[in-house]
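Chemist: Got a structure for you, written out below as structure tokens; questions coming shortly.
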Amino acid sequence: MKRIVIFASGSGSNAENIINFFNQTKTARVTKVFCNNKNAKVLDRCNKLNIKSLCFNRNEFLSTDIILNKVKEEADYIILAGFLWKVPQSFIEAFPNKIINIHPALLPKYGGKGMYGMNVHNAVKENKETETGITIHYVNANYDEGAILFQAKTTLLSVDSPETIAEKIHFLEQKHFPKVIEEVILKENE
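For the sequence shown, the working numbering assigns the number 74 to the initial residue and increments by one for each residue that follows.
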């Protein structure tokens, strides 16, 4: 059984969905959630689900190997679920094609630094897009430029607000993210 760690910064709805999904499979287990925000709601979700969590600061993550070494002890795969910091090269080298992120847009549109959450949905609305979606991709050295594993689309209506766009994206994330992670793990371990 493979081991997954999740990196999260916020509410943790995707993290909780992934934890619950893998609790029902023999493919993998979430061993720990790493969080860069001591006030993030994901930590409450971890407590409720009996999943270990660890908070860390920018220096520990970017300037030392403290967090990388802890992850190496716990993980075969790293999943980014609403994690907002750029992943250091040392992680990418230690986990080649083993770090997976979800982005709330159809990359390459609306990707890059600062393009997350409502920033994406506001930009999609402002540009009067007729569709948007999610992109699940490997992480590389650049924001949102890793190889795409999966995309799902949703139609947008002119009456959709950034908030209703967010709801449509959340539905796609919840439906697809855990299944795509499992497919990647199964395919790589055939």
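We put the beta carbon where it would ideally sit given N, CA and C, even for glycine.
Note that this is a predicted model, so its numbers are computed, not measured.
Compute the Euclidean distance between the alpha carbons of E246 and I165, then round it to the nearest angstrom.
Modeler: Taking the sequence shown and counting its residues from 1, one reaches residue 246 at position 173. Taking the sequence shown and counting its residues from 1, one reaches residue 165 at position 92. In a straight line, the C-alpha of E246 is about 23 Å away from that of I165.
Chemist: If you drop the 5 nearest sequence neighbours on each side, which residues of the same chain put their C-beta closer than 8 Å to that of N130?
Modeler: Within the sequence shown, residue 130 is the residue found at index 57, counting from 1. The residues are N109.
Chemist: Under 9 Å, do T203 and A178 count as touching if we go by C-beta distance?
Modeler: As a first step, residue 203 must be located in the sequence shown, where it is residue number 130. As a first step, residue 178 must be located in the sequence shown, where it is residue number 105. Contact flag unset, no.
Chemist: For the beta strand (DSSP E) containing A113, name the first residue and the last one.
Modeler: As a working mapping, residue 113 is identified with position 40 in the sequence shown. A113 -> no beta strand (DSSP E), and no H or E assigned at all.
Chemist: What is the residue span of the beta strand (DSSP E) that N174 lies within?
Modeler: Indexing the sequence shown from 1 puts residue 174 at position 101. First-last of the beta strand (DSSP E) with N174: I172 to H176.
Chemist: Whole beta strand (DSSP E) runs in the stretch 125-164 with 3 or more residues, listed along the chain?
Modeler: You should have 125-128 and 150-153.
Chemist: Whole angstroms is fine: what's the gap from I124's alpha carbon to V78's?
Modeler: One-based indexing of the sequence shown puts residue 124 at position 51. One-based indexing of the sequence shown puts residue 78 at position 5. I124 and V78: Cα-Cα distance of roughly 10 Å.
Chemist: Identify which residue in H210, L230, K186 and Y183 has its Cα closest to the Cα of F250.
Modeler: Here residue 250 corresponds to residue number 177 of the sequence shown, with the count starting at 1. The residue with the shortest Cα to Cα distance from F250 is H210.
Chemist: So what does DSSP say about Q247, is it helix, strand or coil?
Modeler: Along the sequence shown, one-based indexing puts residue 247 at 174. Looking at Q247 - three-state DSSP - the assignment turns out to be helix.
Chemist: Please confirm whether A81 and A154 have their CB atoms less than 9 Å apart.
Modeler: Here residue 81 corresponds to residue number 8 of the sequence shown, with the count starting at 1. Here residue 154 corresponds to residue number 81 of the sequence shown, with the count starting at 1. Cβ distance < 9 Å, so A81 and A154 count as in contact.
Chemist: List the residues that DSSP assigns as beta-bridge partners of T227.
Modeler: Numbered from its first residue, the sequence shown carries residue 227 at position 154. BP columns for T227 point to T205.
Chemist: Answer yes or no: do G85 and C119 have a C-beta to C-beta separation smaller than 9 Å?
Modeler: Working through the sequence shown from its first residue, we reach residue 85 at position 12. Working through the sequence shown from its first residue, we reach residue 119 at position 46. Against a cut-off of 9 Å, the Cβ pair of C119 and G85 comes out as a contact.
Chemist: Write down the C-beta distance between T22 and E255 rounded to the nearest angstrom, noting that I regard them as a contact closer than 8 Å.
Modeler: As shown, the chain starts at 74 and ends at 263. That puts residue 22 outside it, with no answer to give.
Chemist: Evaluate F107 with the Cβ neighbour count: other Cβ atoms within 10 Å of its Cβ, from every protein chain shown; 16 or more gives buried, anything less gives exposed.
Modeler: Here residue 107 refers to the residue found at position 34 of the sequence shown. Result: buried.
Chemist: Is it buried or exposed, A101, if we count other Cβ atoms within 10 angstroms and call 16 or more buried?
Modeler: Taking the first residue of the sequence shown as position 1, residue 101 is located at position 28. When all chains shown are included, A101 counts as buried.
Chemist: Starting from F95, trace the beta strand (DSSP E) both ways and give me its first and last residue.
Modeler: Position 22 of the sequence shown, counted from the first residue, corresponds to residue 95. Premise fails: F95 lies in the alpha helix (DSSP H), S86 to F95, not in any beta strand (DSSP E).
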